[in-house]
Every structure is written in structure tokens, then in C-alpha cells.
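Here's the structure, in C-alpha cells; my notes come after.
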Ligand SMILES: Nc1ncnc2c1ncn2[C@@H]1O[C@H](COP(=O)(O)OP(=O)(O)O)[C@@H](O)[C@H]1O
Ligand SMILES: [Mg+2]
């Protein structure tokens, strides 16, 4: 039984089928790349899974329970959490408080105990939990810095820390290294890799940067015009004639 089961998922915006009959299975502990040209429907897919948009048709099951049609907050409580580019970071709060506040909303679930130790309760304990998350993502040295003062790359990593504080079981990352320099990209890539390898986190990664996707993900799904075009290992994807024709032909994929 896959952790996330999507069947016949369709999302229309007026006359446009942004997602058109997608079936997708994500296994627990998997790290799945989702790629496709601009406008293919990748962000819409995340928005529908996380409840930002209701599907036009189709069903989404998470841990064997139907989540399609539920509100974003309920879906997040169930553990399917997406990161946003900037929205989640509160700029007037310091780094630690950003993570502590996110953790308050979800202070009594069990998965974080598995991930970061059995800690809950008082404000001190909440801060301790937040510090563990900050240590994990490499932001602990900046814990008392105002979020607004962080470099772009660190702000994006803080976005991940905030998402982690909500105790996700499935983490959906939409272009996490977009706009990052080489150093920032390496840091983010390492954080994502370690979440997968050390914490066993289930991750869906939408990413434009092919090098990042191909280096992190063992399985990749290609979406084109709202439909699933191909699925397989990075090497299968890179050699799939349909993918090359629809998407990769003009891109530098072999790095
Ligand atoms: N809220 C919306 N209203 C209308 N059209 C939308 C909306 N969100 C996305 N779209 C359209 O849906 C298609 C898929 O967009 P998106 O999911 O953002 O693609 P991707 O993330 O793969 O670049 C695009 O044609 C886009 O213009
Ligand atoms: Mg997008």
C-alpha cells in the first residue's frame, strides 16, 4: 500500500486542464522527483494534494484515508505538508521563533518524537525541539537572527525547518533551490538528502534544476500538459524518447 495514492486526478481552471487524469503512487520513505516543462502542472499537483485547490475529479488517499476535498489545515495535520517559496517565514521573528511557532500548531503528534526525540510540553521544550530541527538543517548558529536578515538560501532552508516543525510525514518541496547560488544549492541538497537518508522522510521534489533531481531522486515522474508522460529511474527518464522529444530535447540534461 503506497503512502500517497492518486487516481484519475484532474484539475480544471476554466477550460484549461492543468492536471488531467494523473495516477501516482508514492511509497513511504521514497524520495520522488517530479519534473516537466513550465506550465506542465507540477505546482498545481502539489496544490491539489495539499488541499489548496479541490480536484475537479479523481481521488487522493494518504495513509489509506481519502484526503481529497479536505482543507489544507486538516491535510497538513494528517502529515502531507508543502513548502511555499516565501509565505511561511515571518520576517519580524527571529529564526528560532519562526520554528517554535510552527511547532506549536502541531505539538502533540508522535512522528517528531521518532525524528527528533521525545520532547514536548513547555515553551522550553518547544524551543528545544525547534533547536534540534535548526541543528539538523544547519541554521542553529543563526537562531537569534531576524528572519528578514537571512540570505535568500538560508530563508529557504528556514522554510524547510518551519515545515519540519509541523511534523510532516510527506514533505512536498516546490523548486527548493530556485534562485540559489552554488553554495546555497549544495546546502539545500544536503539537507534534503539527509532528511531522506537519516530520517527516512517521504519527499516529493519538484525541481527545475535537473542536476539536483537526478542526483537526489531514485525515481522520477515526468509531467507534460497535465498528464503523466513517463516514470522511472533517472537514467530511464533521460533515455526515454517520449521525454526527450517532449521536454529534454532542448535542455542540457547530461551533466
Ligand atoms: N490559480 C490558477 N488559475 C488559473 N490557471 C492556473 C492557476 N494555477 C495554475 N494555472 C495554470 O495551470 C497550468 C499549470 O500551472 P503550474 O501548475 O503552475 O505549472 P508548473 O508548476 O508545472 O510550471 C498553467 O497553464 C497555469 O497557467
Ligand atoms: Mg511550478
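Residue numbers (the working numbering): 8 to 262. The beta-carbon is built from N, C-alpha and C at its ideal position, and this holds for glycine as well. Remember, predicted model here, so these are calculated numbers, not experimental data.
Cβ distance (whole Å) where residue i is taken to contact residue j below 8 Å
i, j, result
"residue 213", "residue 180", "7 Å"
"residue 195", "residue 166", "Not confirmed; about 10 Å, so no contact."
Residue i versus the options, residue with shortest Cα-Cα distance
i, options, result
"residue 220", "111, 55 and 182", "182"
"residue 241", "41, 16 and 15", "41"
"residue 23", "252, 244 and 233", "233"
"residue 272", "32, 145, 215 and 68", "The structure shown has nothing for residue 272, since the chain only spans 8 to 262."
"residue 55", "100, 197 and 31", "31"
"residue 187", "52, 162 and 245", "162"
"residue 152", "96, 66, 204 and 217", "96"
"residue 175", "8, 210, 132 and 145", "210"
Exposure of residue i, with buried meaning 16 or more beta-carbon neighbours within 10 Å
i, result
"residue 156", "exposed"
"residue 248", "exposed"
"residue 148", "exposed"
"residue 81", "exposed"
"residue 111", "exposed"
"residue 126", "Its pLDDT being 49, under 50, residue 126 is placed unreliably in this model, and the value from its coordinates should be taken loosely. By the 10 Å Cβ count, residue 126 comes out buried."
"residue 99", "exposed"
"residue 53", "buried"
"residue 20", "exposed"
Sheet register partners of residue i (DSSP bridge)
i, result
"residue 132", "DSSP output for residue 132 lists no bridge partner at all."
"residue 155", "Paired residue(s): none; residue 155 is not in a bridge."
"residue 39", "211 and 226"
"residue 17", "27 and 64"
"residue 88", "178"
"residue 238", "228"
"residue 99", "Partner(s): none; residue 99 has no beta bridge."
"residue 33", "11"
Practice item. Mind listing which residues have their beta carbon within less than 6 Å of any non-hydrogen atom of ligand 1? Chain order is fine. Key: 20, 23, 25, 43, 45, 46, 47, 48, 49, 50 and 51
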